[in-house]
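Visitor:
In our numbering, the protein residues as written are 2 to 188.
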């Protein structure tokens, strides 16, 4: 058992997600609108986001079009904790369950990892899958546990998150142990 735990800890400590190299080669198919939308989501610029979403409606693309690393605009708003941007994107048709094809994460993974309880709640109310597993097997609960966000862990657990969910042994308990989040183990 100790060897297994050491292997799990080593795995979590040595994660490398491929695909970042391709970001420099990505050409915005919308002629720059998507790049501007992604930037607005990273920066929390509601004015820029609102303007660019309106302009995007005149193209064949929409707010669910992924960027160079597979993230949608909603992924980025959730990752950077910009709740108003996330809310606007959802109102404009962003999918709460959008899956990044590179790593299998959803916007809920990003919000949970960042500890953004308001965004987590909004995504759940918008139909996000509570126990979605990313490519490496981690669920949003695992993301919150690993980052030590007790309030988000409690929110997800009270919403019915499966405490044993995960793939290949990557349960929330393993995530807590791997990240050294001993307080999370107690929850």
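In this text, a Cβ means the ideal position worked out from N, Cα and C, and glycines have one as well.
1) Rounded to whole angstroms, how far is the Cβ of residue 141 from the Cβ of residue 89, which I believe are closer than 8 Å?
2) Quick check: residue 113 and residue 144, are their CB atoms within less than 8 Å of each other?
3) Output the distance between the C-alpha atoms of residue 130 and residue 156, rounded to the nearest integer angstrom.
4) Could you compute how far the alpha carbon of residue 64 sits from the alpha carbon of residue 116?
5) Using the rule of at least 16 other Cβ atoms within 10 Å of the residue's Cβ for burial, across every protein chain shown, is residue 59 buried or exposed?
6) Measure the beta-carbon distance from residue 120 to residue 84 and round it to whole angstroms, keeping in mind my assumption that it falls under 8 Å.
7) Mind pulling the alpha helix (DSSP H) runs of 4 or more residues that sit fully within the stretch 90-149?
8) Helix, strand or coil: which one does DSSP assign to residue 60?
9) So, for residue 34: in the same chain, excluding its five sequence neighbours on each side, which residues have a beta-carbon less than 6 Å away from its beta-carbon?
10) Would you kindly work out how many angstroms separate the C-alpha atoms of residue 9 and residue 146, rounded to a whole number?
11) When the Cα atoms are used, what is the spatial distance from residue 163 to residue 32?
12) Within the same chain, show all residues whose beta-carbon is closer than 8 Å to that of residue 161, passing over the 5 residues directly before and after it, in chain order.
13) Candidates 50, 62, 139 and 30: which alpha carbon is nearest residue 105's?
Guide: Let me lay it out:
1) Residue 141 to residue 89, Cβ: 22 Å. No contact.
2) yes
3) 14 Å
4) 24 Å
5) exposed
6) Indeed, because the Cβ distance is near 5 Å, the residues count as touching under 8 Å.
7) 108-115, 118-126 and 141-148
8) coil
9) 53, 56 and 57
10) With a pLDDT of only 47 at residue 9, under the threshold of 50, the placement of this residue in the model should not be trusted; the figure read from the coordinates follows. Whole-angstrom Cα-Cα distance: 15 Å.
11) 42 Å
12) 131
13) 139
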